[in-house]
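Engineer: Just so you know, the sequences run in chain order Z and R. With UniProt numbering, letter number 68 in the first sequence gets 68, and the count goes up by one each step, no holes. With UniProt numbering, letter number 130 in the second sequence gets 130, and the count goes up by one each step, no holes. In this text, a Cβ means the ideal position worked out from N, Cα and C, and glycines have one as well. Got a structure here, written out as structure tokens. Questions coming.
There are 2 protein chains.
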Amino acid sequence: MASKLGIVAGGGEFPGLVIAACRAQNRPFHVLALSGHADKAVIGDAPADWIRLGEAGTGFKLLKQAGVEDVMMIGPVRRPTLRELAPDFRTTRFFAKVGLKALGDDGLLRAVAREIEEEGFRIVGVDDVLSDCLAVPGIYGTYLPDDQAKADIQRGREVAKGIGALDVGQAVVVQQGIVLAVEAVEGTDAMIRRAAGLKREGPGGVLVKVKKPGQDRRLDLPTIGTATVREAATAGLRGIAVEAGGALVLGRDAVRAEADRLGLFVIGVEGD
Amino acid sequence: MASKLGIVAGGGEFPGLVIAACRAQNRPFHVLALSGHADKAVIGDAPADWIRLGEAGTGFKLLKQAGVEDVMMIGPVRRPTLRELAPDFRTTRFFAKVGLKALGDDGLLRAVAREIEEEGFRIVGVDDVLSDCLAVPGIYGTYLPDDQAKADIQRGREVAKGIGALDVGQAVVVQQGIVLAVEAVEGTDAMIRRAAGLKREGPGGVLVKVKKPGQDRRLDLPTIGTATVREAATAGLRGIAVEAGGALVLGRDAVRAEADRLGLFVIGVEGD
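This is the structure:
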């Protein structure tokens, strides 16, 4: 029997996919849902405790009480300031160690992961339960990028890698060579919606998501799902490119079907 | 008598400041206003011709008819796609030379400047008529950045330079170490308004604007004015940092007064 999985759940639909996969595989699990981030409707009736982001001490205690050995972090978490965090003793000790400046930094995630491991848990990536979710090279559905879209993908990769190296975001929208929008803390969906208002006439743009250089593949990989495909279609984009081996496509068959239904391409492209 | 100045006017209030400065200095001038970008209320009753962005041939002819020798480009221009541009013969010849990919690139601006010079005009920067508008090091008003704001400025410079090196944008908003927003084609004012919806509790963020590495100082330097100060205040920012020698502060005394009135700092910081 597989060890019990602790699912630290942030926002969006993705924690729900992990919960469903655990159930399908009879894998025992327990959710630690982050208040203000995780969606009650997504967590549903899964066994779960709700904590604030600043309650690391309570979180570790609850995971141990639940008999969890492995921990997975899934779903976006809006980065808080220290004041919003209202850290408990355990959380404060953590920041005393890593330094407050980690708050504004994706280095934070790595520090959190290290801290979880020091508490005796093992960090696992989403692909531990969702097999085949790591993006593969090539086309997902039936639509293909044309030459303009390929050029936009190339420009998007270059810019997204640069933004990632600055530890700012993972995604950009490019149309006909013009970078319409760059992701910071607003998240990919909000960025796609913004791009809709900035688009030019002519062939639509592409969404490009890549992992940050040196990013731990178990942590916060750029992720797309069917909702991303729908947002992209609504914004008039022609397709989505993700980094093969450096991004997650959650629900591969559903993504493929949704892309075909809406006439978008979804493609896995090589990293650098 | 100073030579006649051709003012190629994009959007916003800045062309109006240049027109006012020419009048104050009795400097002869003629405006070439770009339809869909320049604001009729800002151009007012100044001597002007209106052309589309794609009408380079007409533009050159009109400038010569007006007896213009120097040309200044001022005010943001929303980057068009080729289809929107509907280029005339002269414009098409230009793109045949520089390549279509320049359309999505700030290299475009340099290519345009070269083209204008090959037509026999001299390109001049805004500081040719607006003296003292190049940002100087140090504080503009009476408010000073505290340590948190200084750290945010430092992070903002690093990220804005990185974005600039990718030829994407010139401005970012940083709050407590978190990059709230990165500028692409939406322009600085829209980015500031977006940051308002993304801000965290606690001390507000800062707007940082720097020139792109290698950017020609006569062309499209990052610019702030009183409207920028008001946008920043409305968005809950605590101040603005611009690159000394690499940005324009249009209407220095007015900017200083507005910053003091609204309780913001405005500071010129060293480039790299």
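(1) Identify the residues that DSSP records as bridge partners of Leu134/Z: which are they?
(2) What in chain R is Cβ-close to Gly202/Z, meaning under 8 Å?
(3) Note down, in chain order, every chain Z residue with its Cβ under 8 Å from the Cβ of Ala181/R.
(4) Just to confirm, are residue 276/R and Ala41/R a CB contact at a threshold of 8 Å?
(5) Would Gly205/R and Val174/R be called neighbours here (beta carbons separated by less than 8 Å)?
(6) Here's the rule I'm using: 16 or more other beta-carbon atoms within 10 Å means buried, otherwise exposed. How should Gly54/R be labelled?
(7) If you compare alpha carbons, which of Asp253/R, Ile267/R, Lys4/R is closest to Val136/R?
(8) By Cβ distance, which residues of its chain are closer than 6 Å to Ala165/R, with the 5 residues on each side in sequence left out?
(9) State the CB to CB distance for the pair Gly169/Z and Arg155/Z, rounded to an integer number of angstroms; the pair is presumed to be in contact (CB under 8 Å).
(10) Measure the alpha-carbon distance for Cys22/Z versus Asp216/Z and round it to whole angstroms.
(11) Whole alpha helix (DSSP H) runs in the region 6 to 33 of chain Z with 4 or more residues, listed along the chain?
(12) Kindly give me the distance between the Cβ atoms of Gly239/R and Ala111/R, rounded to whole angstroms, as I take these residues to be in contact under 8 Å.
(13) Starting from the beta carbon of Gly162/R, find every residue of chain Z whose beta carbon is closer than 7 Å, and list them in chain order.
(14) If you measure between the beta carbons of Gly57/Z and Thr91/Z, is that distance less than 8 Å?
(15) Under 8 Å between C-beta atoms, does Ile192/Z make it to chain R?
(16) Looking only at C-alpha atoms, which of Gly162/Z, Leu264/Z, Asp49/Z sits nearest to Tyr140/Z?
(17) Which same chain residues, not among the five before or five after Val98/Z, have their C-beta less than 6 Å away from its C-beta?
(18) Which residues bound the alpha helix (DSSP H) around Asp152/Z?
(19) Looking only at its own chain, which residues have a Cβ that is under 8 Å from the Cβ of Ala196/Z, when we skip the five neighbours before and after it?
(20) CA-CA distance, Arg194/Z and Thr188/Z?
(21) Quick check on Glu243/Z: buried or exposed, where buried means 16 or more other Cβ atoms within 10 Å of its Cβ?
(22) Is the Cβ of Gln170/Z closer than 8 Å to any Cβ of chain R?
(23) Spatial neighbours of Pro47/R within its chain, please: C-beta separation below 8 Å, excluding the five flanking residues on both sides.
(24) Specify the secondary structure class of Lys209/Z as computed by DSSP and reduced to three states.
(25) Please determine whether the Cβ atom of Cys133/R lies at a distance below 7 Å from any heavy atom of the ligand SAH.
(26) Should Thr228/R be labelled buried (16 or more other beta-carbon atoms within 10 Å of its own) or exposed?
(27) Counting only the same chain and skipping the five closest in sequence on each side, list residues whose C-beta sits under 7 Å from that of Gly36/R.
(28) Under the rule that 16 or more other beta-carbon atoms within 10 Å means buried, what is Asp146/R, buried or exposed?
(29) Got a sec, what are the start and stop residues for the alpha helix (DSSP H) Leu63/Z sits in?
(30) Strictly below 9 Å CB to CB, what residues from chain R border residue 274/Z?
(31) First and last residue of the alpha helix (DSSP H) that includes Leu198/R?
(32) Quick one: using the 10 Å Cβ neighbour count with 16 as the cut-off for buried, is Glu118/Z buried or exposed?
(33) Checking contacts by CB at 8 Å: is Leu198/Z closer than that to chain R?
(34) Roughly how many angstroms lie between the CA atoms of Gly10/R and Gly251/R, to the nearest whole one?
(35) Please compile the residues from chain R whose C-beta is within a distance smaller than 7 Å of the C-beta of Val159/Z.
(36) Compute the Euclidean distance between the alpha carbons of Ala254/R and Glu84/R, then round it to the nearest angstrom.
Structural biologist: By the coordinates alone:
(1) Counted from its first residue, the first sequence places residue 134/Z at position 134. Note: Leu134/Z sits in a beta bridge opposite Leu248/Z.
(2) On the first sequence, residue 202/Z is found 202 positions in, with the first residue counted as 1. Those are Thr81, Leu82, Arg83, Glu84, listed as they occur along chain R.
(3) Counting from one through the second sequence, the residue named residue 181/R turns up at place 181. Result: Ala184, Val185, Glu186.
(4) Outside the shown range of chain R, which is 1 to 272, sits residue 276/R, and nothing can be said about it.
(5) Within the second sequence, numbered from 1, the residue matching residue 205/R stands at position 205. Within the second sequence, numbered from 1, the residue matching residue 174/R stands at position 174. Cβ distance < 8 Å, so Gly205/R and Val174/R count as in contact.
(6) Mapped onto the second sequence, residue 54/R falls at position 54. Buried: at least 16 other Cβ atoms inside 10 Å.
(7) In the second sequence, the residue the question calls residue 136/R occupies position 136. Per the Cα distances, Ile267/R.
(8) Here residue 165/R refers to the residue found at position 165 when the second sequence is read from its first residue. Excluding sequence neighbours, Ala165/R sits near Pro213.
(9) Here residue 169/Z corresponds to residue number 169 of the first sequence, with the count starting at 1. Here residue 155/Z corresponds to residue number 155 of the first sequence, with the count starting at 1. No, Gly169/Z and Arg155/Z are not in contact; Cβ-Cβ is about 16 Å, not under 8 Å.
(10) One-based indexing of the first sequence puts residue 22/Z at position 22. One-based indexing of the first sequence puts residue 216/Z at position 216. C-alpha separation (whole angstroms): 23 Å.
(11) 14 to 24
(12) The residue labelled residue 239/R in the question sits at position 239 within the second sequence. The residue labelled residue 111/R in the question sits at position 111 within the second sequence. About 35 Å; that fails the 8 Å criterion.
(13) Here residue 162/R corresponds to residue number 162 of the second sequence, with the count starting at 1. Those within 7 Å of Gly162/R in chain Z are Gly162, Leu166.
(14) Position 57 of the first sequence, counting from 1, holds the residue named residue 57/Z. Position 91 of the first sequence, counting from 1, holds the residue named residue 91/Z. In contact: Gly57/Z and Thr91/Z (Cβ atoms closer than 8 Å).
(15) Position 192 of the first sequence, counted from the first residue, corresponds to residue 192/Z. No, its Cβ sits nowhere closer than 8 Å to a Cβ of chain R.
(16) Along the first sequence, one-based indexing puts residue 140/Z at 140. Per the Cα distances, Leu264/Z.
(17) Within the first sequence, residue 98/Z is the residue found at index 98, counting from 1. Excluding positions up to five away in sequence, the list reads Ala111.
(18) Here the question's residue 152/Z lines up with position 152 in the first sequence. Segment 147 to 165, the alpha helix (DSSP H) holding Asp152/Z.
(19) For the purposes of this step, residue 196/Z is taken as the residue at position 196 of the first sequence. Correct list, in chain order: Thr234, Ala235, Gly236.
(20) Here residue 194/Z is taken as the residue at index 194 of the first sequence, counted from 1. Here residue 188/Z is taken as the residue at index 188 of the first sequence, counted from 1. Between Arg194/Z and Thr188/Z, the C-alpha separation is close to 10 Å.
(21) Locating residue 243/Z in the first sequence gives position 243, where the first residue counts as 1. The residue is buried, with at least 16 neighbouring Cβ atoms inside 10 Å.
(22) Position 170 of the first sequence, counted from the first residue, corresponds to residue 170/Z. Not closer than 8 Å to any Cβ of chain R, the Cβ of Gln170/Z fails to qualify, so no.
(23) Within the second sequence, numbered from 1, the residue matching residue 47/R stands at position 47. Excluding positions up to five away in sequence, the list reads Phe29, His30, Val31, Ala66.
(24) Within the first sequence, residue 209/Z is the residue found at index 209, counting from 1. Lys209/Z falls in the strand class under three-state DSSP.
(25) Ligands in the displayed structure: none, and consequently the ligand SAH is not present.
(26) Reading the second sequence from its first residue, position 228 is the one you call residue 228/R. Buried is the call here.
(27) On the second sequence, residue 36/R is found 36 positions in, with the first residue counted as 1. If we look at Gly36/R and ignore the five residues flanking it on each side, it has no Cβ neighbours.
(28) Your numbering for residue 146/R matches position 146 in the second sequence. Asp146/R comes out exposed.
(29) Residue numbering aside, residue 63/Z sits at position 63 when the first sequence is read from its first letter. Counting along the chain, the alpha helix (DSSP H) containing Leu63/Z begins and ends at 56 to 65.
(30) In the structure as shown, chain Z begins at 1 and stops at 272. Residue 274/Z is therefore absent and cannot be evaluated.
(31) On the second sequence, residue 198/R is found 198 positions in, with the first residue counted as 1. Where Leu198/R is concerned, the enclosing alpha helix (DSSP H) stretches over 188 to 198.
(32) Position 118 of the first sequence, counting from 1, holds the residue named residue 118/Z. Exposed, by the Cβ-count rule.
(33) Numbered from 1 along the first sequence, position 198 holds the residue referred to as residue 198/Z. Yes, Leu198/Z lies at the interface with chain R (some Cβ there is under 8 Å from its Cβ).
(34) By one-based count along the second sequence, residue 10/R stands at place 10. By one-based count along the second sequence, residue 251/R stands at place 251. Rounded to the nearest angstrom, the two C-alpha atoms are 18 Å apart.
(35) Along the first sequence, one-based indexing puts residue 159/Z at 159. Those are Leu166, Val168, listed as they occur along chain R.
(36) Here residue 254/R corresponds to residue number 254 of the second sequence, with the count starting at 1. Here residue 84/R corresponds to residue number 84 of the second sequence, with the count starting at 1. Roughly 37 Å separates the two Cα atoms.
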